[in-house]
């Protein structure tokens, strides 16, 4: 009888573990996308969207080559696919007020740019909000799909209502946990990008900011404790070394 009960529990666990794994995978994927977002992307986006007229037709600079900022957020690097377009693009950039240069024979145009404006940073912040909401919706969709499978399994009597309830409870609990984690990561990134321009826009931002502040405090304390332990260990190592040297010198003094 106990074996049959355990088999039923294991069958139930086939739903919630799969859903939880999907939740956590979505959280990891979201974290990876946030790593790609940087303040300098604001200037990159501006340059990609700049339009110049070629043969009577407006075209974006991004169509003529790759726009990047590999070394310095204050420096934009354009790699133009066709060198014949370089003189026109160079002149266009300079006419728009940006210092730019191109070394003879090179495909690259190097441009000095100012720090991103508040409006540009807020556009990145809005994009982070959209990504955060999309990631949260993805979790909810995953939960809905699993709930439909559980309902179908109940209708076909593969599992009973009690087991379905246990699975649903686990799924709901982890959905809430992972959704909050996504919201926190998105908020932390938006706060970092906007800096002094940051302001709360979502209803739960104040509550999540308290959690973030607590995490930062705990992380700071952890780093300080680790540094203190390292200093103490180094001091002990130095003392041990001094004691060993003293022990080695003692027989020599006794012999003389």
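Residue numbers (my numbering): 100 to 355. Glycine included, every Cβ here is placed at the ideal spot set by N, Cα and C.
Item to complete: Just tell me which of 333, 235 and 198 has its CA closest to the CA of residue 275.
Response: For the purposes of this step, residue 275 is identified with residue 176 of the chain shown, where counting begins at 1. It is 235.
Item to complete: Would you identify the three-state DSSP class for residue 164, choosing helix, strand or coil?
Response: For the purposes of this step, residue 164 is taken as the residue at position 65 of the chain shown. For residue 164, the secondary structure class from DSSP, reduced to helix, strand or coil, is strand.
Worksheet entry | Host alpha helix (DSSP H) of residue 250 (start-end) | Within the chain shown, residue 250 is the residue found at index 151, counting from 1. Counting along the chain, residue 250 sits inside the alpha helix (DSSP H) bounded by residues 217–254.
Discussion item. Short of 7 Å in beta carbon distance, which residues of its chain neighbour residue 242, apart from the five on each side in sequence? Order them along the chain.
Written reply: For this step, residue 242 is matched to residue 143 along the chain shown. 118, 270 and 274, listed in sequence order.
Worksheet item: Should residue 311 and residue 287 be called a contact, given that it needs their Cβ atoms to be closer than 8 Å?
Response: On the chain shown, position 212 is the one that residue 311 refers to. On the chain shown, position 188 is the one that residue 287 refers to. With contacts defined by Cβ atoms closer than 8 Å, residue 311 and residue 287 form a contacting pair.
Worksheet item: Would DSSP call residue 135 helix, strand or coil?
Response: Looking up residue 135 in the chain shown gives position 36. In the three-state reduction of the DSSP assignment, residue 135 falls in the coil class.
Worksheet item: Can you tell me whether residue 267 is buried or exposed, with buried defined as 16 or more other CB within 10 angstroms of its CB?
Response: Here residue 267 is taken as the residue at index 168 of the chain shown, counted from 1. If you draw a 10 Å sphere on the C-beta of residue 267, you find 16 or more other C-beta atoms in it, and that means buried.
Worksheet item: Is the beta carbon of residue 231 less than 8 Å from the beta carbon of residue 281?
Response: Along the chain shown, one-based indexing puts residue 231 at 132. Along the chain shown, one-based indexing puts residue 281 at 182. By the CB criterion at 8 Å, residue 231 and residue 281 fall inside the cutoff.
Practice prompt. Run the CB neighbour count on residue 319, radius 10 Å, all protein chains shown included, and call it buried at 16 or more, exposed below.
Written response: Within the chain shown, numbered from 1, the residue matching residue 319 stands at position 220. With fewer than 16 other Cβ atoms within 10 Å, it is exposed.
Discussion item. Going by C-alpha to C-alpha distance, which of 200, 163, 121 and 302 sits closest to residue 150?
Written reply: For the purposes of this step, residue 150 is taken as residue 51 along the chain shown, with counting starting at 1. Closest by alpha carbon: 163.
Discussion item. Rounded to whole angstroms, what is the Cα-Cα separation between residue 188 and residue 154?
Written reply: Counting from one through the chain shown, the residue named residue 188 turns up at place 89. Counting from one through the chain shown, the residue named residue 154 turns up at place 55. About 13 Å.
Worksheet entry | Neighbourhood of residue 206 by C-beta distance below 7 Å, restricted to the same chain and skipping five residues each side | Position 107 of the chain shown, counting from 1, holds the residue named residue 206. Taken in chain order, the residues that qualify are 178, 179 and 182.
Worksheet item: Given a threshold of 16 other Cβ atoms within 10 Å of its Cβ, counted over all protein chains shown, does residue 244 qualify as buried or as exposed?
Response: Numbered from 1 along the chain shown, position 145 holds the residue referred to as residue 244. With fewer than 16 other Cβ atoms within 10 Å, it is exposed.
Worksheet entry | For residue 176, three-class secondary structure by DSSP | One-based indexing of the chain shown puts residue 176 at position 77. Residue state, collapsed to three classes: strand.
Worksheet item: In three-state DSSP terms, what is residue 185?
Response: Residue mapping note: residue 185 aligns to position 86 of the chain shown, counting from 1. When secondary structure is reduced to three states using DSSP, residue 185 falls in the helix class.
Worksheet item: With burial defined as no fewer than 16 other Cβ atoms inside 10 Å of the residue's Cβ, what is the status of residue 195: buried or exposed?
Response: As a first step, residue 195 is located in the chain shown; it is residue number 96 there, counting from the start. That one is exposed.
Worksheet item: Which residues in the same chain as residue 174 place their Cβ atom closer than 8 Å to its Cβ, once the five residues preceding and following it in sequence are excluded?
Response: On the chain shown, position 75 is the one that residue 174 refers to. 168, 209, 210, 211 and 212, listed in sequence order.
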